[in-house]
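Residue numbers 0 to 260, in numbering that gives the first Met the number 0, belong to the letters of the sequence shown in order.
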Amino acid sequence: MKEIRTVNVMRYVTPLREGGSLPALAEADDGFLYVLKFRGAGQGVKALIAELIGGEIARTAGLKIPEIVFANLDEAFGRTEPDEEIQDLLKFSTGLNLALHYLSGAITFDPVVNKPDGLLASKIVWLDCLLTNVDRTARNANMLMWHKELWLIDHGASLYFHHSWDNWEEQALRPFSQVKDHVLLPLASQLEDADLFFRSLLSKEKINSIVSLIPDEWLTLHSPDEPADVIRDVYARFLEHRIDSSEIFVNEAQNARKLLI
Numbered sequence: 000m001k002e003i004r005t006v007n008v009m010r011y012v013t014p015l016r017e018g019g020s021l022p023a024l025a026e027a028d029d030g031f032l033y034v035l036k037f038r039g040a041g042q043g044v045k046a047l048i049a050e051l052i053g054g055e056i057a058r059t060a061g062l063k064i065p066e067i068v069f070a071n072l073d074e075a076f077g078r079t080e081p082d083e084e085i086q087d088l089l090k091f092s093t094g095l096n097l098a099l100h101y102l103s104g105a106i107t108f109d110p111v112v113n114k115p116d117g118l119l120a121s122k123i124v125w126l127d128c129l130l131t132n133v134d135r136t137a138r139n140a141n142m143l144m145w146h147k148e149l150w151l152i153d154h155g156a157s158l159y160f161h162h163s164w165d166n167w168e169e170q171a172l173r174p175f176s177q178v179k180d181h182v183l184l185p186l187a188s189q190l191e192d193a194d195l196f197f198r199s200l201l202s203k204e205k206i207n208s209i210v211s212l213i214p215d216e217w218l219t220l221h222s223p224d225e226p227a228d229v230i231r232d233v234y235a236r237f238l239e240h241r242i243d244s245s246e247i248f249v250n251e252a253q254n255a256r257k258l259l260i
């Protein structure tokens, strides 16, 4: 697994007022622009963990996703920000955040105009069932068209099991009922092929290499008495359990699709 680069945020360019997390366009010390996701926003570091895991699984599968980097935010960064809401967000986000390379000129995916082929649509639906990603609907597709290719963005609303750890083993075996609202479900005509593809690709070793990327400080922020490796292992086991029982969410998706076509 390729290591994640770390950049330092040099300039806050503009807020991207989408949803409740207030991401921002920012410039880093490598000269590139990034969509910066803040640890002090909304669901905090758990959204960043979901973003990292979801994005890197997608990349492993050959799906298009902007480069993910860790982004350091200095404590002095927000002092000159006139907007009090943004100033507070920056203050609470001092330290390690997460950012995605900004795709300049990309346009929002339009399900009426853009029609990915059946296998690509099926892979994306399968991935979102694995991740329990509730945020790929017609209202908010979280996909972009860039250079005539489909790019996935924003997996922060995935892995909602980690907001309540108590029954993660039970949650790992649940179907994903929200798949009925997935923007690509009508086109997902090859779910069984996607299932075979992912099950052969996502070995235990591959999953462990992805979850190993999660910074310790994100894992222990809300559970300081729990070792980071113990929490990291829960993420790995949750994903492994879902992959091993993928027929549960594949059947759910196929049944939901039959009602649409």
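A virtual CB, placed ideally from N, CA and C, is assigned to each residue, including glycine.
Best match in 179, 188, 224 for proximity to residue 258 [C-alpha to C-alpha] | 179
Going by the CB atoms, is the gap between residue 96 and residue 57 shorter than 8 Å?
-> no
Taking 8 Å as the threshold, find out whether the segment 213-220 comes into contact with the segment 128-147 through three or more Cβ pairs.
-> no
May I ask you to verify whether the segment 187-200 touches the segment 146-162, counting CB pairs closer than 8 Å and requiring at least 3?
-> Fewer than three beta-carbon pairs drawn from the segment 187-200 and the segment 146-162 are found closer than 8 Å, and the two stretches are therefore not classed as touching.
Would you grab the beta carbon distance between residue 49 and residue 155 for me? Rounded to a whole angstrom, and I think it's under 8 Å.
-> 5 Å
Is it true that the CB of residue 45 sits closer than 8 Å to the CB of residue 161?
-> The answer is yes: Cβ separation under 8 Å.
Can you give me the Cβ contacts of residue 42 inside the same chain, cut-off strictly under 6 Å, excluding the 5 residues immediately before and after it?
-> none
Span separating the alpha-carbon of residue 252 from that of residue 112 | 23 Å
Name the one or two DSSP bridge partners that residue 71 has.
-> 7, 95
Taking the continuous beta strand (DSSP E) assigned at residue 23, which residues delimit it?
-> 23-27
Taking all protein chains shown into account, decide if residue 106 is buried (16 or more other Cβ within 10 angstroms of its Cβ) or exposed.
-> By the 10 Å Cβ count, residue 106 comes out exposed.
Tell me, to the nearest whole angstrom, how far the beta carbon of residue 72 is from that of residue 80; I am working on the premise that it is less than 8 Å.
-> Not quite, the Cβ-Cβ distance comes to about 12 Å (not below 8 Å), so this is no contact.
Would you kindly check if the distance between the Cβ of residue 59 and the Cβ of residue 209 is under 8 Å?
-> yes
Could you check which residue in 4, 63, 76, 207 has the C-alpha nearest to that of residue 93?
-> With distances taken between Cα atoms, residue 93 lies closest to 76.
Can you check the segment 31-90 for any alpha helix (DSSP H) of at least 4 residues that lies completely inside it and give the ranges in chain order?
-> 44-59, 83-90
Could you name the residues that DSSP lists as bridge partners for residue 149?
-> 144
Starting from residue 215 and walking both ways along the alpha helix (DSSP H), at which residues does that stretch end?
-> Its alpha helix (DSSP H) spans residues 215-219.
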